[in-house]
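Visitor:
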Amino acid sequence: MQQQAPLLDPALLREAVIDSFKRLSPRYQLGNPVMFVVWLGSLLTSGLFVQSLLGQGEAPAGFILEIALWLWFTVLFANFAEAVAEGRGKAQAAALKGLRRTVLAKKLREPRPDARWEIVPSESLRRGDVVLVTIGEVIPGDGEVIEGVASVDESAITGESAPV
1 MQQQAPLLDP ALLREAVIDS FKRLSPRYQL GNPVMFVVWL GSLLTSGLFV QSLLGQGEAP
61 AGFILEIALW LWFTVLFANF AEAVAEGRGK AQAAALKGLR RTVLAKKLRE PRPDARWEIV
121 PSESLRRGDV VLVTIGEVIP GDGEVIEGVA SVDESAITGE SAPV
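If you count the sequence shown from 1, position 133 lands on 133 in the working numbering, and the numbers rise without skipping.
This is the structure:
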């Protein structure tokens, strides 16, 4: 059974808090129209608070401050939640990359099944290379079957518990 990283990892939370403040940029907020409207409301309400401190406000400064703080809290919390989710996704992707092992491939010198081949690491394969895969071998990379028939266990890629 694979052990999952804790939800409240201190390093992840620290990074998420920093990111939640970085995401207060108008350019970033424009990417989410709903939160952009809340962000804009926070900005305008903060302006109204400053106006009320100068004696020009139509409502008590304390009330306007409460509204502004709630709106800023909403924006920051949404940014924080998004940063946590993004951070966990990046951590899982990095963990999967760490599990990757070197697979040896039979690279054909010509695209024919009876052609001579050489064994090379899968990392050295490039687009257009043709490899020979026989029964029971691990497929060295993404590609298509150009001759023959293949039944492949994709459960490691799809995340299914049983072979797919």
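Ideal placement from N, C-alpha and C gives every residue a C-beta, glycine not left out.
Report yes or no: do three or more beta-carbon pairs, one from the stretch 106-116 and one from the stretch 46-54, lie closer than 8 Å?
Guide: The stretch 106-116, when compared against the stretch 46-54, does not touch it at the 8 Å Cβ threshold.
Visitor: Check whether the Cβ atoms of residue 88 and residue 12 lie closer than 8 Å to each other.
Guide: Closer than 8 Å, so yes.
Visitor: So, residue 103 versus residue 124, is the Cβ gap smaller than 8 Å?
Guide: No, Cβ-Cβ distance for residue 103 and residue 124 is not below 8 Å.
Visitor: Grouping DSSP H, G and I as helix and E and B as strand, with all else coil, what is residue 104?
Guide: Correct three-state label for residue 104: strand.
Visitor: In its own chain, which residues sit with a C-beta less than 7 Å from the C-beta of residue 8, not counting the 5 before and 5 after it?
Guide: Nothing meets the Cβ criterion.
Visitor: Between residue 1 and residue 143, what straight-line distance do the alpha-carbon atoms span, to the nearest angstrom?
Guide: Reliability fails at residue 1, whose pLDDT of 44 lies under 50, so the model's placement of it is uncertain and no value is given.
Visitor: Out of 56, 41, 81 and 96, state which residue places its alpha-carbon closest to the alpha-carbon of residue 69.
Guide: For the residues 56, 41, 81 and 96, the minimum Cα distance to residue 69 belongs to 41.
Visitor: Closest to residue 43 by CA distance: which of 65, 137 and 10 is it?
Guide: That would be 65, whose Cα lies nearest to the Cα of residue 43.
Visitor: Within 10 angstroms of its Cβ, does residue 152 collect 16 or more other Cβ (buried), or is it exposed?
Guide: Its Cβ having fewer than 16 others within 10 Å, residue 152 is exposed.
Visitor: With a threshold of 7 Å on Cβ separation, who are the neighbours of residue 71 within its own chain once the five nearest residues in sequence on each side are excluded?
Guide: The residues are 38, 41, 42 and 45.
Visitor: Rounded to a whole number of angstroms, what is the C-alpha to C-alpha distance between residue 61 and residue 98?
Guide: If I take the Cα positions, the gap works out to 54 Å.
Visitor: Among all the DSSP beta bridges, which residues are the ones paired with residue 119?
Guide: Answer is 106.
Visitor: Determine, using beta carbons only, whether residue 127 and residue 83 come nearer to each other than 8 Å.
Guide: No.
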